[in-house]
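In the working numbering, the protein residues as written are 402 to 524. Notes follow once the structure below has been shown.
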């Protein structure tokens, strides 16, 4: 449980830092369209950092629900792939990072379904 609290907390902190950087520092460095791409990465990082914290909270009453842990790790992979690729795309302009983003999106979807399935098995 502690690892997901720590992962959620550090991703929230990074999301706030990157969001502030995107709002106050990037507009002079990259195009408005790329600032939006960057901010989309921030939004999804924060949403899924909350998801990691939710996994930690759910592990308190359901410590044996190993699917929760698996869902949390897949969610972390989604943050890295989805948000990370958007950050890199916005900052570098390299189109190489564009195709990585949907892989991260699939990780998010799989993570949420995995968590749903883990909880369904507990009832």
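All residues carry an ideal CB built from backbone N, CA and C; glycine is no exception.
Distance between residue j and residue i (C-alpha atoms, nearest Å)
i, j, result
"residue 419", "residue 443", "7 Å"
"residue 514", "residue 487", "23 Å"
"residue 511", "residue 469", "12 Å"
"residue 502", "residue 522", "31 Å"
"residue 405", "residue 499", "28 Å"
"residue 517", "residue 429", "42 Å"
"residue 432", "residue 465", "48 Å"
"residue 494", "residue 483", "16 Å"
"residue 407", "residue 505", "21 Å"
Range of the contiguous alpha helix (DSSP H) that encloses residue i
i, result
"residue 403", "403 to 425"
"residue 512", "501 to 521"
"residue 447", "433 to 459"
"residue 479", "467 to 479"
"residue 489", "485 to 493"
Buried or exposed by the 16-neighbour rule on C-beta atoms within 10 Å, applied to residue i
i, result
"residue 461", "exposed"
"residue 497", "exposed"
"residue 477", "buried"
Does the region 435 to 449 come close enough to the region 475 to 493 that 3 or more CB-CB pairs lie under 8 Å?
yes
For the region 407 to 423 against the region 450 to 458, are there 3 or more C-beta pairs whose distance is under 8 Å?
A contact exists between the region 407 to 423 and the region 450 to 458.
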